[in-house]
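Enquirer:
In the working numbering, the protein residues as written are 1 to 77.
Quick look at the structure:
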């Protein structure tokens with residue numbers, strides 16, 4: 001997924017700020033960027049999962065539908 005490197009970069013930047021003992025401002029700036037990267041990655045993964053799981057022929061199993069809905073619910077919390 002395209003956001004995987006972005007998540008890693010954001011995480012590394014946050015780790016460097018923690019190790020450097022930075023003030024709160026860099027953390028407060030980095031956290032929304034990380035959240036955005038994680039949301040993008042999650043959206044990409046959900047898209048792939050839904051396409052692979054629910055595109056079964058002739059129809060997806062009830063278990064596949066239930067598992068996908070559980071994933072969506074956990075994401076939307």
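For glycine and all other residues, C-beta sits at the position ideal for the given N, C-alpha and C.
1. What's the call for residue 30, buried or exposed, on a 16-neighbour Cβ count within 10 Å?
2. Return helix, strand or coil for residue 23, following the three-state DSSP convention.
3. Less than 6 Å between C-beta atoms, sequence neighbours within five positions excluded: which residues of the same chain meet that for residue 10?
4. For a quick check, are the C-beta atoms of residue 17 and residue 5 less than 7 Å apart?
5. Can you name, in chain order, every residue of its own chain whose Cβ lies under 8 Å from the Cβ of residue 49, other than the five neighbours on each side?
6. Taking buried to mean at least 16 other C-beta atoms within 10 Å of its own C-beta, is residue 65 buried or exposed?
Expert: With the structure as the only source:
1. Buried is the label assigned to residue 30, since at least 16 other Cβ atoms lie within 10 Å of its Cβ.
2. In the structure shown, residue 23 sits in coil (DSSP, three-state: anything other than H, G, I, E or B).
3. Answer for residue 10: 33, 34 and 37, listed in chain order.
4. In this structure, residue 5 does not lie closer than 7 Å to residue 17 by Cβ.
5. The answer, listed in chain order, is 68 and 71.
6. Exposed is the call here.
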